Amino acid sequence: MLMSSYGYRPVACPDTVIATVDSRVVEYHTRRVLGHGDHGFVYELQDAQTAGTVAAKVIPKAHLQQLKEQQQRLQQQLSLQQALQHEHIVRLLGSCEDSSNIYMLMELCTGVSIEDLLHQQGPFSEQQAATVLSQVLPAVAHLHQQGLAHGALQLSRLLLHSSGCIKLCGFGSAAQLANDGRACADVWCVAALWPARCFEQRSSRVCC
Numbered sequence: 474m475l476m477s478s479y480g481y482r483p484v485a486c487p488d489t490v491i492a493t494v495d496s497r498v499v500e501y502h503t504r505r506v507l508g509h510g511d512h513g514f515v516y517e518l519q520d521a522q523t524a525g526t527v528a529a530k531v532i533p534k535a536h537l538q539q540l541k542e543q544q545q546r547l548q549q550q551l552s553l554q555q556a557l558q559h560e561h562i563v564r565l566l567g568s569c570e571d572s573s574n575i576y577m578l579m580e581l582c583t584g585v586s587i588e589d590l591l592h593q594q595g596p597f598s599e600q601q602a603a604t605v606l607s608q609v610l611p612a613v614a615h616l617h618q619q620g621l622a623h624g625a626l627q628l629s630r631l632l633l634h635s636s637g638c639i640k641l642c643g644f645g646s647a648a649q650l651a652n653d654g655r656a657c658a659d660v661w662c663v664a665a666l667w668p669a670r671c672f673e674q675r676s677s678r679v680c681c
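In this note's numbering, the protein residues as written are 474 to 681.
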């Protein structure tokens, strides 16, 4: 059975989830498990009216109650990600909760991650790496313009959208930047893409 990063087993997503998205009350039907993130498992949900699909991270409240720090970080993540609007950042559509879980409704990216793509095809060519960077760097720049550092930037958090666009996700470690551009907390990312890992070179750790 799949386990989350914190070791707990997946919570079953209800057959129906009701949420408010863009001022519209939406009834979603659960379709399938997509994977897991830092706090919980991710499901694909379908809008009962439009048949459109979204990704929903299902976070068990019972686990958050055991980790007060994670409660605070989740609330921070919701607040930060809701304000981010960029073509290369996975959009947070909304959130809702019931007695058992918190649901983060996000733009669905049906393609693989850049990490998976690298495993499948091997090191990127210079042109391929440049294409990835040309989409990721504007997203990172947008974060910095908003006074934020991603805090955990790595290949697994770069997702391919069905349009072919690369989207940055995973904001659980995001932190505010001080006036001098440094993160207000100790947040680090693995410099797996810039562009060392793409060419199988040694990489260092930098704050992003």
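Each residue gets a CB set at the ideal place from its N, CA and C atoms; glycine is no exception.
If you're wondering where the values come from, they're calculated on a predicted model, not measured in any experiment.
Helix, strand or coil: how does DSSP classify residue i here?
i	result
V490	strand
Q555	helix
A658	Only weak support is given to the placement of A658: the predicted model assigns it a pLDDT of 49, under 50, and the value that follows is read from those uncertain coordinates. Coil at A658, not helix or strand.
S586	strand
A602	helix
A665	Here the model assigns A665 a pLDDT of 44, short of 50, so the residue's position is not dependable and the matter cannot be decided.
Q608	helix
L591	helix
Q619	coil
Q649	strand
R678	Caution is warranted here: a pLDDT of 43 is assigned to R678, below 50, making its placement in the model unreliable, and no coordinate value can be reported.
Q538	helix
L547	helix
A614	helix
Along the chain, where does the beta strand (DSSP E) containing residue i start, and where does it finish?
i	result
P533	T526 to P533
S568	L565 to E570
T503	R497 to H509
I639	I639 to L641
Q519	F514 to D520
L633	L631 to L633
I562	Looking at the DSSP string, I562 is not in any beta strand (DSSP E), and its letter there is neither H nor E.
L628	It is not in any beta strand (DSSP E) - L628 carries neither H nor E in the DSSP assignment.
L578	N574 to M579
Output yes or no for whether 8 Å exceeds the beta carbon distance between residue i and residue j.
i	j	result
L578	A529	yes
F514	V527	no
S586	L631	yes
L626	A647	no
H561	K640	yes
L650	H617	yes
R546	G645	yes
A524	Y576	no
S573	K534	yes
G595	V494	no
C642	V563	yes
Q619	L557	yes
In chain order, what residues of the same chain lie with their CB nearer than 7 Å to the CB of residue i, ignoring the 5 residues before and after it?
i	result
H502	D488, T489, L518, Q519 and A521
S635	T583 and G584
S629	S586 and E588
E570	Y576
Q550	F644, G645 and A647
Q555	L565
L553	L621, F644 and A647
Leaving out five residues on either side along the sequence, give the residues of the same chain with a beta carbon under 6 Å from the beta carbon of residue i.
i	result
D659	Low confidence applies here, because D659 scores a pLDDT of 46, under 50, leaving its location unreliable; read the following figure in that light. For D659, where only same-chain residues beyond five positions count, there are no Cβ hits under 6 Å.
R504	E517 and Q519
Q543	L537
F672	Unreliable placement is indicated for F672, whose pLDDT of 45 sits below 50; no coordinate value is reported for it.
Note down, in chain order, each residue of its chain lying with its Cβ closer than 8 Å to the Cβ of residue i, except the 5 sequence neighbours on either side.
i	result
Y481	Confidence at Y481 is low in this model, with a pLDDT of 49, below 50, so the placement of that residue is unreliable and no value is reported for it.
V613	H623, L626, L641 and C681
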